[in-house]
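Visitor: After the structure tokens below, expect a handful of questions from me.
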Amino acid sequence: MIGEQPERSVREQRLVVMVSGNGSNLQAILDACADGRINGRVVAVVSNKADVFALQRADAAGVPAVHIGMRSGEDRPDYDARLTELVAGFDPDFIVLAGWLRILTMSFLGWFPGRVVNLHPAQPGELPGLRAIERAWDEAVAGTRTESGVMVHFVPDEGVDDGPLLATEAVPIDTTRSIEEFETAVHAIEHRLLVGVMANLCSRRFTDIDDLHRAVTLETAAPTPPLT
Numbered sequence: 003m004i005g006e007q008p009e010r011s012v013r014e015q016r017l018v019v020m021v022s023g024n025g026s027n028l029q030a031i032l033d034a035c036a037d038g039r040i041n042g043r044v045v046a047v048v049s050n051k052a053d054v055f056a057l058q059r060a061d062a063a064g065v066p067a068v069h070i071g072m073r074s075g076e077d078r079p080d081y082d083a084r085l086t087e088l089v090a091g092f093d094p095d096f097i098v099l100a101g102w103l104r105i106l107t108m109s110f111l112g113w114f115p116g117r118v119v120n121l122h123p124a125q126p127g128e129l130p131g132l133r134a135i136e137r138a139w140d141e142a143v144a145g146t147r148t149e150s151g152v153m154v155h156f157v158p159d160e161g162v163d164d165g166p167l168l169a170t171e172a173v174p175i176d177t178t179r180s181i182e183e184f185e186t187a188v189h190a191i192e193h194r195l196l197v198g199v200m201a202n203l204c205s206r207r208f209t210d211i212d213d214l215h216r217a218v219t220l221e222t223a224a225p226t227p228p229l230t
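Per this note's numbering, numbering of the sequence shown is gapless, rising by one per residue and ending at 230.
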């Protein structure tokens, strides 16, 4: 049968989560896998930075935590080739970029078509790149923005924070409050959207990449359930 198969036929999915910082979104995924909201298991956490709290979160959960830094004089494709070898060794069904702060080249992405999912704290087509939360806040203070958002999308190529959309939600900006409160609101929605998308991806069986993109994109257009 083309498309969806009964949920009970879908094996537990293997997830590699890639991080560069604190790892609160990693923690949301770990918790959701542990309590059954995601039919998956984090088999590795990979960071391009050595001293980040996300790696401690992985250690605490009993998940392999791997640092892979860029070597002196190494270019991006060569780094991504090493990264590919490392990640492929964990045989992932999906790779989640949860605060991964490096642009991936096709040296990496070409090996994992339809399997790389990115989270970005902005709405589609807005504020690509680093410091999206701070930039949105600065624009709101300047009177040129009233809301920002969160999106989850597939990563098909080297476009920055761009690709087939899986879920998005707006976040109002109230400048009478603090940027810290705005950031907290953004992170809460990040956790909910990312867990909802990965729960959907991991509970389904798809016949090919096009089937996966079509089904998941249609279904995640609806609001995802909140974390409990």
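Ideal Cβ placement from N, Cα and C applies to all residues, glycine included.
State the Cα-Cα distance for the pair Glu9 and Ile97, rounded to the nearest angstrom.
Guide: Legend: pLDDT at Glu9 = 45, less than 50; position of this residue unreliable, value from coordinates given subsequently. One C-alpha to the other measures close to 21 angstroms.
Visitor: By how many angstroms is the C-alpha of Arg147 removed from the C-alpha of Glu141?
Guide: Roughly 5 angstroms separates the two Cα atoms.
Visitor: Kindly identify the DSSP beta-bridge partner or partners of Ile97.
Guide: Val18 and Val118
Visitor: Have a look at Pro66 and Ala30 and give me their C-alpha separation to the nearest angstrom.
Guide: 17 angstroms
Visitor: Taking the runs of the alpha helix (DSSP H) that are 4 residues or longer, which of them lie wholly in the segment 128-163?
Guide: 134-143
Visitor: Between Val119 and Glu149, what straight-line distance do the alpha-carbon atoms span, to the nearest angstrom?
Guide: 24 angstroms
Visitor: Comparing C-alpha positions only, which one of Val54, His155 and Glu171 sits nearest to Gly165?
Guide: His155
Visitor: Is the CB-CB distance between Ala134 and Ala144 below 8 angstroms?
Guide: Ala134 is not a Cβ neighbour of Ala144, given a cutoff of 8 angstroms.
Visitor: Between Leu196 and Ala56, how many whole angstroms is the CB-CB distance? I'm expecting something under 8 angstroms.
Guide: About 14 angstroms; that fails the 8 angstroms criterion.
Visitor: By the DSSP assignment, the alpha helix (DSSP H) with Ser109 in it spans what residues?
Guide: Met108 to Leu111
Visitor: Helix, strand or coil: which one does DSSP assign to Gly64?
Guide: Of the three classes helix, strand and coil, the one that applies to Gly64 here is coil, per DSSP.
Visitor: Start and end of the alpha helix (DSSP H) containing Arg78?
Guide: Arg78 to Ala90
Visitor: According to the Cβ coordinates, are Asn27 and Glu192 closer than 8 angstroms?
Guide: yes
Visitor: Tell me whether Ala34 is buried or exposed, calling it buried when 16 or more other Cβ atoms sit within 10 Å of its Cβ.
Guide: By the neighbour-count rule (16 or more Cβ atoms within 10 Å), Ala34 is buried.
Visitor: Kindly indicate the opening and closing residues of the alpha helix (DSSP H) around Leu103.
Guide: Unbroken run through Leu103: none, as it is neither H nor E.
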